[in-house]
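Residues 312 to 890 (our numbering) are what the sequence shown spells out, left to right.
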Amino acid sequence: MADPLSTIAATLRDAFASVTGLAADTIDPVVRPSDRADAQANGALALAKQVGRSPRELAEAAVATGLLDGACSLVEVAGPGFINLTFTPQFLAEQLVEAATLPNLGVRAATREIVVVDYSAPNVAKEMHVGHLRTTVIGDALVRMLEFVGHTVVRENHIGDWGTPFGMLIEHMVDLGGVDADLTIDLSDPSAFYRQARAKFDASEEFKDRARRRVTLLQSRTDAPTMLIWQKLVDKSADYFDVVYGKLGVLLRRDDIVGESYYQPMMPAMLERLDQAGLLAESEGAKVVWVPGFTNREGEPLPLIVQARTGGFNYATSDITCVLDRVERLHATLLVYCIGTPQSQHLQMVFKAAEMLGVLVPPARAVHVNNGNVLGDDRKILKSRSGEPAMLLDLVDAAIERGRAIVAERSPELPADEQARLADSIGIGSLKYAELSSDRIKDYVFDWDRMLAFDGNTAPYLQYAHARICSIFRRAGVERASVRQVVPVIGEPQERALALQLLQFDSAVHDTLDKFSPHRLCTYLFDLAQAFTAFYEACPVLKEGHEATRDSRLALCDLTARTLEQGLALLGIDAPERM
Ligand code: ARG
């Protein structure tokens, strides 16, 4: 384990076990970073209650076992029973070598699970807007991190590809020549086709009737021409989604599309199961599930409608069926939903219904990784010039454009192709990082200047810190890999601070995943880059005359660069070697 806090926790667990007689695996020593020392353990407090002894006495007894002596130069019992720990330089050095040589920079593997991540989920024949930026970028970062710690991750893009609007969309296609109609999605206005269909629908009773009949035909899935036109609409939209995903550099591919339509054929059987379980009730002609604990504004119980009075299925029907599919077909035990906060109640009701059905039961569980809004200067949802929610592709293109301007100004000496790549990395990186570094449940104000700045908690700041380290090695003519076996000598306080920061990568990744909150990893990387800056200002590297010290510092530089690069990669952000 290349994490001193976990290593110390394991040692303390043994120490507490030997003084209390309890089994070590039932004890949590609670070891955290501290201002007073390198770390503080306050687990004696809870443990003392459990065994009926004084926490101070327990802490002192644990220290007296001597088990901590090898790793710590100073161990002090403080206050009601805290243990303040200062690590020996040797212990830190050993842990650093482990981090540098273990796979994944010493980040522990999780107990493998099959995890489904439902993210992005745009709608067919509609544009992707700023709301999809969050669900897409957050979901993608979580996918990368879950895979990194060893889970089997199934990406699912739950696109809106079914429902009543398809009646008018298909009918509009029929008017334009059916499946052979030249349907091109206008990348500057992907919803244009939808609006044309809608305008006809609103203006003509005859069209409305046709659209209604077409929905029934679609739902029967038996009419080949209808299915072909529907498929074409979906395919064309998927082409457009691919353009956005490609530019944005997210992992989603065609194969990841499992839209609402996929669940349609399984819905009658799902309703049957609800019925057999005695969960299906009637309310005002509709079939509903009464999910306890949910009420409307008047305080009356709120039904989850699974079949409308007209017989049609809806969003809840599709989502319950989807839970069944993920648990029973994919054998997933963790279902992650990256969707905006407004759908929270819907999802909680769906999860509860699946739980009542006996499907979503331990070890299977679902989490709503919700997110707030992206706001403009007016504190309302970020808009385009026309007043609509800002289009995602416009934001992506503008980010790349701004990246180009920065590169032209700062790095004109680089070859043209490298400049173009760098512009993408900076522009897209900034857009993603702004997203990921703010607490996802809060709203945040979109600000190009802030997100593209080279100082502050931004992508360019971290990218630059990484590139700067790469340039140190270039200037020295030293192979990065050649310093990986070097045992660092931790002397100066800035070296120590950097070492401690480097060794918290493991806990930063796991904390981020425990809370599904990428901003935790961002905060960690920002702190790391700052610790590096402080180190680099105080401790000469290339100018250092003493060879062993110079090698030791180069080893710290290399591990910092690798940690920054890996951390950014987990966020879906490039770390260029030159900037
Ligand atoms: N298509 C939906 C929307 O744009 C989001 C779907 C999210 N996923 C789900 N399983 N409900 O609002």
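Yeah, the Cβ is synthetic: ideal placement off N, Cα and C, and Gly gets one too. Source: prediction; values computed, not measured.
Closest to residue i by C-alpha separation, out of the options, would be which residue?
i	options	result
Gln-796	Ala-359, Val-408, Gly-363 and Ile-394	Val-408
Ile-449	Tyr-835, Arg-873, Leu-824 and Ala-787	Leu-824
Gly-471	Leu-811, Ala-549 and Arg-861	Ala-549
Met-577	Arg-620, Val-634, Asp-534 and Asp-566	Val-634
Leu-867	Glu-803, Asn-468 and Leu-725	Glu-803
Ala-716	Pro-799, Gly-669, Val-707 and Gln-730	Gln-730
Leu-529	Pro-476, Gly-740 and Pro-612	Pro-476
Asn-927	Cys-781, Asp-766, Ala-373 and Val-820	Nothing can be reported for residue 927, as the shown portion of the chain is limited to 312 through 890.
Asp-567	Tyr-505, Leu-686, Phe-327 and His-469	His-469
Ala-411	Leu-813, Pro-887, Pro-851 and Leu-839	Leu-813
Phe-402	Gly-589, Asp-688, Leu-457 and Arg-807	Arg-807
Pro-653	Met-660, Asn-625, Met-667 and Asn-682	Asn-682
Val-555	Ala-842, Glu-876, Pro-433 and Asp-869	Pro-433
Cys-649	Trp-759, Leu-747 and Gly-557	Leu-747
Arg-521	Gly-488, Asp-513, Met-479 and Leu-498	Met-479
Leu-658	Val-342, Asp-429, Thr-376 and Thr-844	Asp-429
Asp-766	Asp-838, Leu-811, Ser-594 and Cys-781	Asp-838
Leu-773	Pro-887, Ile-692, Asp-869 and Val-789	Pro-887
Gly-570	Thr-447, Glu-387, Ser-828 and Glu-467	Glu-467
Can you tell me whether residue i is buried or exposed? The criterion is at least 16 other CB atoms within 10 Å of its CB, across all chains shown.
i	result
Ile-884	buried
Leu-853	exposed
Arg-347	exposed
Gly-714	buried
Lys-598	buried
Thr-331	buried
His-642	exposed
Pro-579	exposed
Ile-752	exposed
Leu-323	buried
Thr-422	exposed
Pro-257	Residue numbering for the chain in the displayed model covers 312 to 890; residue 257 lies beyond these limits and cannot be assessed.
Pro-536	exposed
Val-672	exposed
His-857	exposed
Gly-604	exposed
Leu-385	exposed
Ser-863	buried
From what residue to what residue does the alpha helix (DSSP H) around residue i run?
i	result
Gly-714	703 to 721
Gly-878	858 to 881
Gln-841	829 to 849
Arg-584	578 to 587
Glu-467	Here Glu-467 belongs to no alpha helix (DSSP H); instead the beta strand (DSSP E) covers 463 to 467.
Ile-481	476 to 487
Ser-317	315 to 331
Gln-815	Counting along the chain, Gln-815 falls outside any alpha helix (DSSP H), and DSSP gives it neither H nor E.
Pro-366	366 to 375
Arg-525	516 to 531
With respect to the beta strand (DSSP E) encompassing residue i, which residues constitute its N-terminal and C-terminal limits?
i	result
Pro-771	Note, Pro-771: premise wrong, no beta strand (DSSP E); alpha helix (DSSP H) at 770 to 787.
Gly-604	597 to 606
Ile-737	Premise fails: Ile-737 lies in the alpha helix (DSSP H), 727 to 748, not in any beta strand (DSSP E).
Arg-676	676 to 680
Ala-665	No beta strand (DSSP E) holds Ala-665; the alpha helix (DSSP H) holding it covers 655 to 667.
Leu-615	612 to 618
Glu-593	591 to 594
Glu-891	The requested residue 891 does not occur in the structure, where the chain is confined to residues 312 to 890.
Leu-645	645 to 649
Gln-351	350 to 352
Arg-343	342 to 344
Return the CA-CA distance between residue i and residue j, expressed in angstroms with no decimal places.
i	j	result
His-777	Arg-791	13 Å
Phe-309	Leu-356	Limits of the chain in this structure are 312 at one end and 890 at the other, which puts residue 309 out of reach.
Thr-632	Gly-610	28 Å
Ala-352	Ser-697	56 Å
Leu-369	Cys-383	19 Å
Ser-629	Asp-636	10 Å
Asp-703	His-443	At residue 703 the sequence reads Leu, which differs from the Asp that was named. Taking the straight line joining both Cα atoms gives about 7 Å.
Trp-541	Ile-481	6 Å
Gly-738	Arg-584	50 Å
Glu-546	Arg-564	What sits at residue 546 in the sequence shown is Asp, not Glu. Their Cα atoms are separated by approximately 13 Å.
Asn-684	Arg-524	37 Å
Arg-676	Val-638	9 Å
Leu-544	Val-789	55 Å
Arg-608	Pro-614	13 Å
Asp-705	Leu-742	12 Å
Phe-662	Ser-722	51 Å
Are any of the Cβ atoms in chain C nearer than 8 Å to that of residue i?
i	result
Arg-584	The displayed structure is made up of one protein chain only, and chain C is not part of it.
For the ligand GDP, any of its heavy atoms closer than 7 Å to the Cβ of residue i?
i	result
His-440	With respect to the ligand GDP, the structure offers nothing, as its ligand set consists of the ligand ARG.
Checklist entry - What are the complete alpha helix (DSSP H) segments, minimum 4 residues, inside the segment 381 to 445? => result You should have 400 to 412.
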